[in-house]
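Let me begin by presenting the structure, written as structure tokens, before commenting on it.
Quick look at the structure:
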């Protein structure tokens, strides 16, 4: 799994953001982009060179940010000096808390890779933009220092809906709606039971009128029992009616706010999000990087289709129905292009780009190593030339000294020794130059092979496209030739 990069500018500073892959706008993508735009994080150099980041690059980058954000003291640290029994127990408690905190961090860190697929979010509707039921995924955002917000809030002026929802979360509302549907079936059963009980009691009353009035007390007792049963059934019916009504109200609220953004929530977001800050916005199981500029909320555009469209960077969030507009890096409205041209060359997926980047990265490292070897050889040659120059000066001085003193034996011996040393230095320099040339030729062969493979892939892709386009034309020409031959035979 990999992410294509896009070069952008934020607050007149160059930045790189991640674009969506097959998993869509996931929480890992949104949180990473928020930190990348702020300049808090930076991608590895090899990812920037290849314009693609692997999932391990992103996870490691965010995990490092989470660990740095913890701070605090080390586990088991304590102040120096004397400690009584109470301070000892207090230190033990602190050590236990540190152990629990480290265990909690370890558990959270294991969740990072899963965030590329999504996250379980359970919003609450009357607790503001940050109202969520606690999950382990929210702890990941806390560790990264990124705030998660939503705008699915109920209007407090709608008293009935607000009173029924209360502080319940989305999952609790769904359970209430299911119980309301079940209560409807229970209501129908209770009504049938009550009707049958009234009917049976009425039939017994008609029969007793034809008989002698001997058992008045027993009839009164039976009537009292029936009334009690009716009261119990009526109480259950009232209870089921309330459950059904609550389920209907909740069902209408969820249906009417299916966009998961209300005007009340939009206003709350405007009040909550600070100017120039970065956060992650949750809506319809999608996660988007959000900021506020000049009092307007914007969402970062990370669709892969806009990878080569620099004038589209932000999407304005000012309507709950999605009727919005795009903006560029300066938050100015995007102007339509005069013409639309197709991208040159074959389109590669992020995974294919990552596979090619591994080869290119290997070539880059090889070239870098050869460059280092070349500098080392240049330094060595410089030292050898300096040594040879010094030796020549030394020989020259000795010759001058020999002439002045009238002797030649010592001078000849020193000259011979210096000549041998100079020849050895020259031989070593020649061998180093030969190794350098050999390394350069290997690097050139590798680069030529890489370019040849890339050109072959492009030719194959172009030939396939050409065959697909020329196949109908070839079929038409063959048909015309066949008809011409038939006419000639007929003639």
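Residue numbers (this note's numbering): 114 to 604. We treat Cβ as the ideally placed atom computed from N, Cα and C, and that holds for glycine.
Cβ neighbours of residue i in the same chain (closer than 7 Å, five flanking residues each side left out)
i: residue 280; result: 237, 239 and 240
i: residue 185; result: Because residue 185 carries a pLDDT of 39, less than 50, the predicted location of this residue cannot be relied on, and the following value inherits that uncertainty. Excluding positions up to five away in sequence, the list is empty.
i: residue 121; result: 128, 130, 426 and 442
i: residue 133; result: 142, 415, 416 and 417
i: residue 398; result: 231
i: residue 428; result: 411, 412, 414, 437 and 439
i: residue 274; result: 267, 362 and 366
i: residue 353; result: 296, 299, 300 and 303
Under the three-state DSSP convention, the category residue i falls into
i: residue 203; result: For residue 203, the pLDDT reaches just 44, beneath the cut-off of 50, and the residue's location in the model is therefore unreliable, although a value from the coordinates is still provided. In this structure, residue 203 counts as helix in the three-state DSSP scheme.
i: residue 498; result: helix
i: residue 440; result: strand
i: residue 264; result: strand
i: residue 158; result: helix
i: residue 650; result: The structure shown does not extend to residue 650, since the chain spans only 114 to 604, so no value can be given for it.
i: residue 237; result: strand
i: residue 357; result: helix
i: residue 224; result: coil
i: residue 561; result: helix
i: residue 519; result: Because the pLDDT of residue 519 is 48, which lies under 50, any placement of that residue in the model is unreliable, and the number read from its coordinates should be weighed accordingly. Reduced to three states, the DSSP call for residue 519 is coil.
i: residue 114; result: coil
i: residue 446; result: strand
i: residue 132; result: coil
i: residue 149; result: helix
i: residue 391; result: strand
i: residue 550; result: helix
i: residue 338; result: helix
i: residue 424; result: coil
i: residue 195; result: Confidence at residue 195 is low in this model, with a pLDDT of 38, below 50, so its placement is unreliable and the value that follows should be read with caution. Of the three classes helix, strand and coil, the one that applies to residue 195 here is coil, per DSSP.
i: residue 347; result: helix
i: residue 270; result: coil
Beta-carbon contacts of residue i that lie in its chain and below 8 Å, excluding the five residues immediately before and after
i: residue 350; result: 300, 303, 304 and 307
i: residue 123; result: 150 and 442
i: residue 269; result: 239, 275 and 377
Per DSSP, cross-strand counterpart(s) of residue i
i: residue 406; result: 409
i: residue 396; result: 399
i: residue 122; result: 127
i: residue 429; result: 411
i: residue 374; result: 264
i: residue 245; result: 236
Residue span of the alpha helix (DSSP H) that contains residue i, given as start and end
i: residue 417; result: Where residue 417 is concerned, there is no enclosing alpha helix (DSSP H), given that its DSSP letter is neither H nor E.
i: residue 256; result: 249-257
Other residues of its chain near residue i: CB distance less than 6 Å, five sequence neighbours each side excluded
i: residue 126; result: none
i: residue 277; result: 359 and 362
i: residue 403; result: 392, 394 and 412
i: residue 282; result: 235, 237 and 246
i: residue 140; result: 228, 232 and 400
Buried versus exposed call for residue i [16 or more other C-beta atoms within 10 Å across all chains shown]
i: residue 338; result: exposed
i: residue 138; result: buried
i: residue 396; result: buried
i: residue 293; result: buried
i: residue 558; result: exposed
i: residue 167; result: buried
i: residue 263; result: buried
i: residue 229; result: buried
i: residue 405; result: buried
i: residue 146; result: buried
i: residue 286; result: buried
i: residue 523; result: With a pLDDT of only 45 at residue 523, under the threshold of 50, the placement of this residue in the model should not be trusted; the figure read from the coordinates follows. Per the 10 Å Cβ criterion, exposed.
Delimiting residues of the beta strand (DSSP E) encompassing residue i
i: residue 166; result: 165-167
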